[in-house]
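Add 372 to the 1-based position in the sequence shown for the working numbering, that's all there is to it. Backbone N, C-alpha and C define an ideal beta-carbon position, used for all residues, glycine too. Small disclaimer: the values here were computed from a predicted structure and weren't measured.
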Amino acid sequence: MRNFYVLLLIAMLLSACNVAPEKIEYGKDGCSFCDMTIVDKTHAAEFVTKKGKVYKFDAIECLINDLTTKDENSMAYILVTDFLNPANFINANEAVFLISEELKSPMGANLSAFKSKEVINYKGQTYNWKNIKERIRK
């Protein structure tokens, strides 16, 4: 019986240390930066620390602004929603970002993310992760 409790304790500890993205519950989850309820599926974002803490955002610009006070090296994941396929997250370092008046985002920066430049059919300025952080933080 003692072995059972030891195994149960180990299983509980391992499950508590899960470092993975979480699904955003639209209409329920709040933005970790501005506290607004996350409702827009095309502009949401999140990051997960290496310790497993998940931060969710209603807009990419909220994620970028929140990261100004954090060390990106302590992040296991920095993810943005693929505008054309909102059910999928993209690694922010691999995404192409677009600022376009044609695509309104929740916080007004008109910032969206795409998996590649080739799929963008909107007018606007494109950025990589490094450049969009500089642009938003100005």
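Judged by DSSP secondary structure, Glu506 falls within the alpha helix (DSSP H) whose first and last residues are 501–509. Nearest to Ser446 by alpha-carbon distance, out of Lys422, Thr414, Ser477, is Lys422. Listed in chain order, the non-local C-beta contacts of Glu394 below 6 Å within the same chain comprise Val426, local neighbours out to five positions each way being set aside. Counting the other Cβ atoms within 10 Å of the Cβ of Lys428 gives 16 or more, which makes it buried. For a cut-off of 8 Å, the C-beta gap from Glu418 to Ile396 is around 7 Å, short enough to register as a contact.
Residue pairing from DSSP leaves Asp412 without any beta-bridge partner.
Apart from the 5 residues on each side of it in sequence, Tyr494 sits with its Cβ closer than 7 Å to the Cβ of Leu470, Ser472, Glu474, Leu475 in its chain, given in chain order.
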